[in-house]
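Colleague: Quick note on numbering: the UniProt record's numbering labels position 255 of the sequence shown as 255, and the sequence is numbered without any gaps.
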Amino acid sequence: MFRIGEFSKMGKTTVKTLRYYDEQGLLKPEMIDKFTKHRYYATDQLLVLHRIQSYRQMGLGIEDIKSIMSGDNPDRFLIRRKFELIDQLNRVKETISRIEFVLHQKEDGFMNYVATIKELPECIVYSKKLTVPSYDSYFELIPEIGRVISEKYSDLKCRVPEYCFIEYLDGEYKDKDFNIEFCEAVDSFRDDFDDIKFKKIEAVTAVSVMHKGAYSGLAQAYAFAFKWIETNGYEIAGAPRESYIDGIWNKESEEEWLTELQIPVNKPN
């Protein structure tokens with residue numbers, strides 16, 4: 001038999017690791033001298049250590065290895081680990097793709113934009129569909145919707161944090177006379193009236209791009225977002241949303257307006 005130091009050299013591991021395996025009940029010494037407390041290991045235990053090291057190098061945890069060493073079928077642990085690694089690999093590939101996109105975006109004139117993936121939570125909204133002559137018309141049409149709602153339901157509260165957005169309904173880009181649906185997140189359902197509808201918006205995964213400046217520059221933000229989606233292997237899963245964070249109501253200069261593009265997406269298998 002071999003003392004722990006000798007055994008650690010033979011097994012190409014550390015004494016600290018052997019003591020840890022002993023504490024965990026994974027690999028106990030063949031014998032412990034009752035007077036000196038020295039640990040002794042048998043040659044056959046090198047095979048056990050080698051097996052443990054093999055599972056550890058595949059990324060299995062101590063508890064999983066203990067189960068295997070106790071007689072459980074290793075296949076279920078290895079299959080689970082395989083799919084964990086596949087998921088990690090896909091995440092790494094996606095990260096590399098995002099890095100490559102950023103490194104090359106200067107060539108495409110998109111240096112002012114970045115994209116993130118975010119989860120948009122479920123919410124209750126009131127909505128109204130309307131035709132908008134131009135972006136400038138928002139400053140009259142949208143406040144009027146809020147005024148009508150306040151008159152009808154004076155106790156209705158906006159969700160905190162506030163969240164309002166529009167969705168385009170035409171299916172193509174139009175710079176005038178375009179059809180939209182305006183939505184404002186609120187704290188509860190109410191009865192529909194006139195052309196105001198209350199509904200629940202389901203949670204969705206979205207690509208988010210921030211645009212700072214006049215609404216006339218949103219076309220470039222959309223171009224960036226759509227290219228990012230295509231390059232990174234996502235698919236568009238719903239109508240794009242424009243969420244208005246800062247605008248004419250709280251900023252004097254249009255250069256300070258802040259709009260978030262939110263484009264629902266999914267990742268094909």
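All C-beta atoms, glycine included, are put in the ideal place defined by N, C-alpha and C.
1. Does the distance from the C-beta atom of residue 189 to that of residue 145 stay below 7 Å?
2. Using the three-state DSSP reduction, which class does residue 269 fall into: helix, strand or coil?
3. To the nearest angstrom, how far is it from the Cα of residue 208 to the Cα of residue 79?
4. Cβ of residue 206 within 7 Å of Cβ of residue 122?
5. Using only alpha-carbon positions, find the residue among 133, 191, 162 and 174 that is nearest to residue 153.
6. Excluding the five sequence neighbours on either side, which residues of its own chain have a C-beta within less than 7 Å of the C-beta of residue 298, listed in chain order?
7. Any idea what DSSP makes of residue 262, helix, strand or coil?
8. Tell me which same chain residues have a C-beta within less than 7 Å of the C-beta of residue 25, skipping the five on either side of it?
9. If you draw a straight line from the alpha carbon of residue 176 to that of residue 216, how long is it in whole angstroms?
10. From the DSSP output, read off the bridge partner residues of residue 210.
11. Using the DSSP secondary-structure output, state which residues sit across from residue 178 in a beta bridge.
12. Can you look up residue 204 in the DSSP assignment and give me helix, strand or coil?
13. For the alpha helix (DSSP H) that residue 190 lies in, which residues bound it at each end?
14. Taking 7 Å as the cut-off, decide whether the C-beta atoms of residue 241 and residue 167 are in contact.
15. Buried or exposed for residue 125, going by 16 or more other Cβ atoms inside 10 Å?
16. By Cβ distance, which residues of its chain are closer than 7 Å to residue 71, with the 5 residues on each side in sequence left out?
17. Going by beta-carbon coordinates alone, are residue 223 and residue 264 separated by less than 7 Å?
18. Runs of 4 residues minimum, wholly inside the stretch 136-179: which ones carry the alpha helix (DSSP H) assignment?
Modeller: Reading from the atomic positions:
1. No, these two residues do not count as a Cβ contact at 7 Å.
2. Coil at residue 269, not helix or strand.
3. Cα-Cα distance, rounded: 35 Å.
4. No, the Cβ-Cβ distance between residue 206 and residue 122 is not below 7 Å.
5. Residue 153 has its Cα closest to that of 191, out of 133, 191, 162 and 174.
6. Residue 298 falls outside the range modelled here, since the chain spans only 1 to 269, and no answer is possible.
7. Three-state DSSP puts residue 262 in a strand.
8. For residue 25, the CB contacts under 7 Å within the same chain, skipping 5 residues up- and downstream, are 66 in chain order.
9. Residue 176 and residue 216: Cα-Cα distance of roughly 12 Å.
10. The secondary-structure analysis by DSSP pairs residue 210 across a beta bridge with 260.
11. Per DSSP, 132.
12. In the structure shown, residue 204 sits in a strand (DSSP, three-state: E or B).
13. Looking at the DSSP string, residue 190 is not in any alpha helix (DSSP H), and its letter there is neither H nor E.
14. Going by C-beta atoms, residue 241 is nearer than 7 Å to residue 167.
15. Buried, because 16 or more other Cβ atoms sit within 10 Å of the Cβ of residue 125.
16. Nothing listed; no residue qualifies.
17. Result no, Cβ atoms of residue 223 and residue 264 do not sit closer than 7 Å.
18. Listed in chain order, the complete alpha helix (DSSP H) runs (minimum 4 residues) inside the stretch 136-179 are 138-152.
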